[in-house]
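Chemist: Please see the structure below; I have some questions.
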Amino acid sequence: MFPKFNLKNYILRHLQVMLFSLGQLWRQPLSSLMTIIVIGIALALPAGLYVLLDNIEDVSDQWDDATQISLFLQQDVFPDQAIELNKQLKKWPQISDTHYQSSSQSLEEFRQLSGLGTLLDSLPTNPIPAVIIIQPDESDLRPDSIGSLLARLEALPEVEQAQLDMEWLQRLRSLNKTAQRGISILGLLLSLSVLLIIGNTIRLAILSRQSEIRVIKLVGGTNAFIRRPFLYTGFWYGLLGGIIGWLTLTFSLSLINGPINELAKLYSSQFTLHWLSALLLVILPMTGLILGVLGAWISVGRHLSKIEPS
Amino acid sequence: MIRFTDVYKLYANRYEALSGLSFHLNDGEMAFLTGHSGAGKSTLLKLIALIERSSHGQVLVNNQNLTRLPKRKIPYYRRQIGIVFQDHNLLHDRTVFDNVALPLIIAGENHREIGRRVRASLDKVGLLGKERNLPIALSGGEQQRVGIARAVVNRPPILLADEPTGNLDPELSRDIMHLFEQFNQVGTTVFIATHDLDLINTLPHRQITLDSGRLAEQGLT
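Protein sequence lines correspond, in order, to chains A and B.
Counting from 16, one number per residue, gives the positions in the first sequence under the numbering used here.
Counting from 4, one number per residue, gives the positions in the second sequence under the numbering used here.
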């Protein structure tokens, strides 16, 4: 009663159904394309936000390497004393490097950067203190140890003020984390909507082919046989939606890329937007494909059993 | 081959479509099922095709007890029965070839075997050469022949037909009946529901007549 299983026939039949389903999408190009684009956008949106966040994290990581402490010295410290202090600080285990900048060097730098040259010339004395810039040991950048180092430096008699301005970086980090959580939720919701879109599309396809399903059941078609073309329809919607999503994302990021490079140049930063392009070319279609088949499966399961020959 | 024993079929409104029906069809027999509309002809065929199940009593087909056949085995059971419908039930977006090939594709036959058997089947109903046509391009009689070709393509032991000549003129109806007789001659059990008494009274086959869900008369003409 059961036919003998034949692997070659089985694979051949799957290929046939696969192409048949693709052909059916092709026969209604407009409505298929609209569904595919909606799926594409739903997939591209969370992926795009993720790429942007990933880049922001990358930038803030670069700044992390540049964690430094500025040690502003008292006005009455002589340059010799300052150089001596600089030498001693170099020997501290928590400090990997230091750089001394005298008050006149600082003034010169400020003059160049601020463009206030003539105004500065009119000042009777140099108001800018000498600075020792300290590069803490990179192996230990925990807030606690940085904090204690800061306190010890501030306690030195020659030091007016020790400054570590990392709070904004930490705020950016936690903001980033919140945004990431948000994107995860958004991604989940949009995945759900892809599931519903495909489920509904398949439902309509099933309803429009009720009489065909009845005939197939009457000539001995199993549920698996009837389900198969609809699963492949979901497969194609998901896969093509994923590819459209990738194209949308790539296009959008290429639009942003120009201004970002401009911005990076202004900050004389080496930063370039990385797109995760190859990775997303795999992830987006795969996600679409899985959601497509899943959505079709749920929809077929719900609607197929209701159609029986009469 | 087909045996009904004290079969009842009740619908939700307590209407008895069949009540206490018993009859037997031999292996290789050809018989007609007659009776006026509402006598229970369609219900009886639905029980054999397992579109519906009896409320009471036993239906045996090809040595299988349909009362006990689990739902997942129904598709495999139906492959042993060719069914011809009054309104053909063809798929209008597929060619004649694809329509006839459907039972073989479902059964997982290989490509070459499908081509061979579909052509043999179309040859038998006289439609070889129309394989590439869509059903809509064929006449009513030709569409019915496609339906018959599909019903016999996987060589089922039983052939059922529900008013197969309902929409055809007398001459075409006669041709279709002769076609059924040819399949019967090679051993297929044929069971045809019809109200075309003028036609079947000229044919030497048993008539099983239903009246209000019961057996009215039985015998050779």
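Just so you know, even glycine gets a beta-carbon here, dropped at the ideal spot from N, CA and C.
Keep in mind that this is a model prediction, so the values were computed, not measured.
Quick check on A:Ile26: buried or exposed, where buried means 16 or more other Cβ atoms within 10 Å of its Cβ?
Modeler: A:Ile26 should be labelled exposed.
Chemist: Is A:Leu262 near A:Trp290, with beta carbons less than 9 angstroms apart?
Modeler: It is not a contact, given that the beta carbons lie outside the stated cut-off.
Chemist: Does DSSP put B:Arg217 in a helix, in a strand, or in coil?
Modeler: Here B:Arg217 sits in strand by DSSP.
Chemist: For B:Gly111 and chain A, any beta-carbon pair shorter than 9 angstroms?
Modeler: Closer than 9 angstroms: yes.
Chemist: Suppose the cutoff is 8 angstroms on Cβ atoms and the five residues either side in sequence are ignored; what does the same chain contact list for A:Ile313 look like?
Modeler: Cβ within range, chain order: Leu210 and Gly214.
Chemist: Along the segment 245–258 of chain A, what residues have a CB closer than 9 angstroms to any CB found in chain B?
Modeler: Residues: none.
Chemist: Would you mind reading off the limits of the alpha helix (DSSP H) that contains B:Arg120?
Modeler: Element bounds for B:Arg120: His114 to Lys127.
Chemist: Could you give the C-beta distance for A:Asn24 and B:Asn113, rounded to a whole number, given that I count them as a contact under 8 angstroms?
Modeler: With 8 angstroms as the limit, A:Asn24 and B:Asn113 qualify as a contact, their Cβ atoms being about 5 angstroms apart.
Chemist: CA-CA distance, A:Ile52 and A:Leu190?
Modeler: Whole-angstrom Cα-Cα distance: 31 angstroms.
Chemist: So which residues on chain A does B:Asn92 lean against when the C-beta distance must stay under 8 angstroms?
Modeler: Residues of chain A passing the Cβ test: Ser226, Arg229, Val230 and Leu233.
Chemist: Starting from the Cα of A:Leu60, find the closest Cα among A:Ser206, A:Arg242 and A:Val230 and give me that residue.
Modeler: Out of A:Ser206, A:Arg242 and A:Val230, A:Ser206 has the C-alpha closest to the C-alpha of A:Leu60.
Chemist: Give the residues of chain A in contact with B:Leu105, contact being defined as C-beta atoms less than 9 angstroms apart.
Modeler: Neighbours of B:Leu105 on chain A, chain order: Val230, Ile231, Val234 and Gly236.
Chemist: Determine the direct distance from the alpha carbon of A:Met49 to that of B:Ile109, and round the result to whole angstroms.
Modeler: Their Cα atoms are separated by approximately 32 angstroms.
Chemist: What does A:Arg28 reach in chain B if we use C-beta pairs closer than 8 angstroms?
Modeler: Going along chain B in sequence order, the residues near A:Arg28 (Cβ under 8 angstroms) are Ile108 and Gly111.
Chemist: From B:Leu171 to A:Arg242, what distance separates their C-alpha atoms?
Modeler: When rounded, the distance between both Cα atoms is 36 angstroms.
Chemist: How is B:Arg148 classed by DSSP in three states: helix, strand or coil?
Modeler: Three-state result, B:Arg148: helix.
Chemist: B:Ile86 versus chain A: which residues are under 9 angstroms apart at the beta carbon?
Modeler: Here the neighbours are Leu233 and Val234.
Chemist: Any chance you could list the alpha helix (DSSP H) runs of at least 4 consecutive residues sitting entirely within the segment 30–76 of chain A, in chain order?
Modeler: Listed in chain order, nothing qualifies, since the segment 30–76 of chain A has no complete alpha helix (DSSP H) run of 4 or more residues.
Chemist: In or out: B:Ile139 buried (at least 16 other Cβ within 10 Å) or exposed?
Modeler: Exposed: under 16 other Cβ atoms inside 10 Å.
Chemist: Please list the residues of the segment 31–58 of chain A that have a C-beta atom closer than 8 angstroms to any C-beta atom in chain B, keeping them in chain order.
Modeler: Listed in sequence order: no entries.
Chemist: From the DSSP output, in three-state form, read off A:Tyr115 for me.
Modeler: In this structure, A:Tyr115 counts as strand in the three-state DSSP scheme.
Chemist: Within 9 angstroms of any Cβ in chain A, is that where the Cβ of B:Ile161 sits?
Modeler: False, the Cβ-Cβ gap to chain A never drops below 9 angstroms.
Chemist: Could you name each continuous beta strand (DSSP E) segment of 3 residues or more that falls completely within the segment 49–85 of chain B, going from the start of the chain to the end?
Modeler: The segment 49–85 of chain B contains these whole beta strand (DSSP E) runs: 59–64.
Chemist: Mapping the DSSP letters down to three states, classify A:Ser320 as helix, strand or coil.
Modeler: A:Ser320 falls in the coil class under three-state DSSP.
Chemist: Span of the alpha helix (DSSP H) holding B:His181?
Modeler: Per DSSP, B:His181 belongs to the alpha helix (DSSP H) from Pro173 to Gln188.
Chemist: Consider the Cβ of A:Lys23: report whether some Cβ of chain B lies at a distance smaller than 9 angstroms.
Modeler: Chain B contact via Cβ: present.
Chemist: Can you confirm whether A:Pro61, when its beta carbon is compared against all beta carbons of chain B, has any partner nearer than 9 angstroms?
Modeler: No, its Cβ sits nowhere closer than 9 angstroms to a Cβ of chain B.
Chemist: B:Gly23 by DSSP, collapsed to three states: which one?
Modeler: Note: B:Gly23 maps to strand in three-state DSSP.
Chemist: Under the DSSP definition of a beta bridge, which residues are partnered with A:Val308?
Modeler: For A:Val308, which the question treats as bridged, DSSP gives no partner whatsoever.
Chemist: Enumerate in chain order the residues of its own chain whose CB-to-CB distance from A:Gln150 is below 6 angstroms, with the five nearest sequence positions on each side excluded.
Modeler: Cβ within range, chain order: Gln83, Ser111 and Asp112.
Chemist: Where does A:Lys106 sit, in a helix, a strand or coil, going by DSSP?
Modeler: Reduced to three states, the DSSP call for A:Lys106 is coil.
Chemist: Can you have a look at B:Gly85 and say buried or exposed, based on whether 16 or more other CB atoms are within 10 angstroms of its CB?
Modeler: Buried.
Chemist: Would you kindly check if the distance between the Cβ of B:Leu48 and the Cβ of B:Leu63 is under 9 angstroms?
Modeler: Cβ atoms of B:Leu63 and B:Leu48: not closer than 9 angstroms.
Chemist: Counting pairs of Cβ atoms below 8 angstroms between the segment 184–198 of chain A and the segment 101–108 of chain A, do you hit three or more?
Modeler: Touching, no.
Chemist: In the DSSP assignment, what residue or residues form a beta bridge with A:Pro151?
Modeler: DSSP, once it has assigned bridges, lists A:Ile110 as partnering A:Pro151.
Chemist: What is the DSSP secondary structure of B:Thr37, reduced to helix, strand or coil?
Modeler: Three-state DSSP puts B:Thr37 in a strand.
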